[in-house]
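Read left to right, the sequence shown gives residues 104 to 336 (full-length UniProt numbering).
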Amino acid sequence: MEATGGDELEAVKTYFNTSGFERWNKIYGETDEVNKVQLDIRQGHAQTVDKVLKWFDEEGSLEGVAVADCGCGTGSLAIPLALRGAAVYGTDISSSMASEAGRRYEAARAQGGKGSATFEAKDLESVQGRYDTVTCIDVMIHYPQDKADAMITHLASLSDRRLVVSFAPYTPYYAVLKRIGELFPGPSKATRAYLHAEAEVEAALQRAGFRVVKREMTATSFYFSRLLEAVRV
Ligand code: SAM
Numbered sequence: 104m105e106a107t108g109g110d111e112l113e114a115v116k117t118y119f120n121t122s123g124f125e126r127w128n129k130i131y132g133e134t135d136e137v138n139k140v141q142l143d144i145r146q147g148h149a150q151t152v153d154k155v156l157k158w159f160d161e162e163g164s165l166e167g168v169a170v171a172d173c174g175c176g177t178g179s180l181a182i183p184l185a186l187r188g189a190a191v192y193g194t195d196i197s198s199s200m201a202s203e204a205g206r207r208y209e210a211a212r213a214q215g216g217k218g219s220a221t222f223e224a225k226d227l228e229s230v231q232g233r234y235d236t237v238t239c240i241d242v243m244i245h246y247p248q249d250k251a252d253a254m255i256t257h258l259a260s261l262s263d264r265r266l267v268v269s270f271a272p273y274t275p276y277y278a279v280l281k282r283i284g285e286l287f288p289g290p291s292k293a294t295r296a297y298l299h300a301e302a303e304v305e306a307a308l309q310r311a312g313f314r315v316v317k318r319e320m321t322a323t324s325f326y327f328s329r330l331l332e333a334v335r336v
């Protein structure tokens, strides 16, 4: 954080363009160059993505449905959505992430599949337009609660119908785990991580005109993520 003068957004961007990209590109990939903790996080994250895809699949065809995936990372969710026929716009504050998502999409597309996807380096506050569904998976961990409210309000303003968001939930147990984790500095601690109380996330969604209709939780040894689907009231 010192290198970026204490500006957290810049610190997150720098991290995900450098060492964070190396780390998360491996975790979100298929190579076996991952340690046990990274493998656990990879498996937990894959479960979250599968749950989101199941929710989409339950709604029927995705042909031509406009989806904005904000903080898309390497495209773990955006790419399968596009291959199912959605018109996906993926953005990420990290240009390394956005380029990698585009590269992976082209590779997947070469194997067949429909739909379309474009990826752009952009912080989610700068995303504009209207989409049927807006997704934002495992990004809120980079936002303190006072900033998360504005983030949710902005995501809601982009969505005509549905929002799917996930976050690391605040519970006394996870707060202790996080505290313990902070005692052991390592590469994963290069940015701060924030837990969020579900009631506060839900209240922010309500203020933005959305009602939570589905909930899921994924917890492995080192990965935990609460997933909410909310629809415009
Ligand atoms: N959503 C992806 C997934 O689930 O595979 C990536 C999750 S990764 C833990 C968090 C991502 O959020 C990183 O790619 C990071 O660059 C991005 N990010 C963090 N803050 C952001 C912001 N303000 N705007 C856009 N992307 C952001």
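For each residue, glycine too, the CB sits at the ideal point set by N, CA and C.
Quick caveat: nothing in here was measured; it's all calculated off a predicted structure.
Taking the CA atoms as reference points, V242 sits about 15 Å from V230. Its chain contains A171, V230, G232, R233, Y234 and V237 as the residues whose beta carbon lies nearer than 7 Å to that of L261, once the 5 sequence neighbours on both sides are disregarded; these appear in chain order. Secondary structure in the segment 155-180: the beta strand (DSSP E) runs of 3 residues or longer, each lying completely within the stretch, are 169-173 in chain order.
Within the chosen limit of 8 Å, the ligand SAM reaches the beta carbon of H245 through at least one heavy atom. For A189, the three-state secondary structure derived from DSSP is coil. Proximity to the ligand SAM was defined by a C-beta distance below 5 Å to any of its heavy atoms, and the residues meeting it, in sequence along the chain, are V115, F119, G174, G176, S179, D195, I196, S197, M200, D226, L227, I240, D241, V242 and H245. Nearest Cα to F313 within the set T274, E319 and T256: T256. Here R212 is near A185, since their CB atoms are less than 9 Å apart. Note that the C-beta distance between Y297 and Q248 is below 9 Å.
If you draw a straight line from the Cα of G216 to the Cα of S324, it is about 34 Å long. Counting along the chain, the unbroken alpha helix (DSSP H) around T256 starts and ends at Q248 to L261. The beta carbon of I196 is closer than 6 Å to those of K116 and D226 in its chain, skipping five residues each way along the sequence. Here V152 has S179, L180, P183 and I240 as same chain residues with Cβ atoms under 8 Å from its own Cβ, once five neighbours each way along the sequence are excluded. C-alpha of A259 to C-alpha of G132: approximately 30 Å in a straight line. In the three-state reduction of the DSSP assignment, F119 falls in the helix class. About 6 Å separates the beta carbons of M200 and F119, which is inside the 8 Å limit, making them a contact pair.
Residues of the same chain with a CB within less than 7 Å of the CB of V334, apart from the 5 flanking positions on each side, are R264, R265, F313, R314 and V316 in chain order.
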